[in-house]
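Trainee: Just dropping this structure here.
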Amino acid sequence: MVCCLMAFMPVDPAMAYNNADLLPDHPTPVIDLAKALTDQQRQQLESELDQFEVDSGWKLRVLTQYDRTPGLAVKEYWELDERSLLLVADPRGGNLLNFNVGEALFALMPRTYWVELQTRFGNQYYVKDHGEDGAIVDSLAAVELCLNRGGCQVVPGLPEEQWLLTFATSVLGGLVAGFAAYPRKEGTIIAWTWLLLMAPLWLLLFALFGLAPILTRTSDFVPLVSNCAGFIGSALTAYLIALKTLPKPGTTKAS
Numbered sequence: 001m002v003c004c005l006m007a008f009m010p011v012d013p014a015m016a017y018n019n020a021d022l023l024p025d026h027p028t029p030v031i032d033l034a035k036a037l038t039d040q041q042r043q044q045l046e047s048e049l050d051q052f053e054v055d056s057g058w059k060l061r062v063l064t065q066y067d068r069t070p071g072l073a074v075k076e077y078w079e080l081d082e083r084s085l086l087l088v089a090d091p092r093g094g095n096l097l098n099f100n101v102g103e104a105l106f107a108l109m110p111r112t113y114w115v116e117l118q119t120r121f122g123n124q125y126y127v128k129d130h131g132e133d134g135a136i137v138d139s140l141a142a143v144e145l146c147l148n149r150g151g152c153q154v155v156p157g158l159p160e161e162q163w164l165l166t167f168a169t170s171v172l173g174g175l176v177a178g179f180a181a182y183p184r185k186e187g188t189i190i191a192w193t194w195l196l197l198m199a200p201l202w203l204l205l206f207a208l209f210g211l212a213p214i215l216t217r218t219s220d221f222v223p224l225v226s227n228c229a230g231f232i233g234s235a236l237t238a239y240l241i242a243l244k245t246l247p248k249p250g251t252t253k254a255s
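Following UniProt numbering, the residues of the sequence shown are numbered contiguously, the last one being 255.
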């Protein structure tokens, strides 16, 4: 069965809820009522989705709507089933994209995947930069990539804003590790006890929030190396600042 059919409900109660008159009189995987795609884009997307269904058996469908919607009539028109994905593009909400996902797809991509897919490609900033057509095409490309891989836990690719967040957490983790490593006993260079004691915090920031999102989304080494360099650099900076400003081991500040 196909989940989340609430995306078909019209905004204006006076509008048709199940208007089959808006459906084409010929088979097509794309119904572009909102004219979000050019004729060339629509034809290319139709060809790609038809070929993908032949090659993989997965049925991907696209409906764009604004002031007119066929509503639940598309379910019968496309014979949507558990191996179907319906992308509904409607700019009237806070997010352009809605995904009606067949149960078989959840076995390959969990619900968190679809939430991330919607928030990454359907948000207003992405649509502003890439257009409604870009948001539709790019989100479908991510789905096809994951289906060809046999499934994904997260959406492939690392947007710049997400990388900046991972870099910031890596730097913060380095600062925590650097201050924790400041020697508190004379004759020591690194306070291993404190470093290990604070490990849950700086490892959480660096490994879980700094490295894991990169390793699970891209094979590009550049963001990985950048985050490692940021962690090491901030840790060394924090360590040197602590050596210079904090009391030296075996001494106390005068009152």
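Backbone N, C-alpha and C define an ideal beta-carbon position, used for all residues, glycine too.
Taking its Cβ as the centre, do 16 or more other Cβ atoms sit within 10 Å of residue 179, making it buried, or is it exposed?
Mentor: With 16 or more other Cβ atoms within 10 Å, it is buried.
Trainee: Using the C-alpha atoms, what's the distance from residue 68 back to residue 211?
Mentor: Taking the straight line from one Cα to the other gives about 45 Å.
Trainee: State yes or no: is the C-beta of residue 242 within less than 8 Å of the C-beta of residue 182?
Mentor: Against a cut-off of 8 Å, the Cβ pair of residue 182 and residue 242 comes out as a contact.
Trainee: Under three-state DSSP, which class holds residue 31?
Mentor: Residue state, collapsed to three classes: strand.
Trainee: Can you tell me which of the three DSSP states residue 100 falls into?
Mentor: Strand at residue 100.
Trainee: I'd like the span of the beta strand (DSSP E) that includes residue 59, first residue to last.
Mentor: Taken as a continuous stretch (DSSP letters only), the beta strand (DSSP E) holding residue 59 covers 59-64.
Trainee: I need the straight-line Cα distance from residue 246 to residue 157, nearest angstrom please.
Mentor: The straight-line gap from Cα to Cα measures roughly 43 Å.
Trainee: Does residue 219 come out as helix, strand or coil in the three-state DSSP assignment?
Mentor: Of the three classes helix, strand and coil, the one that applies to residue 219 here is coil, per DSSP.
Trainee: Compute the Euclidean distance between the alpha carbons of residue 37 and residue 76, then round it to the nearest angstrom.
Mentor: Each residue's Cα considered, the two are about 24 Å apart.
Trainee: Between the beta-carbon of residue 202 and the beta-carbon of residue 168, is there less than 8 Å?
Mentor: It is not a contact, given that the beta carbons lie outside the stated cut-off.
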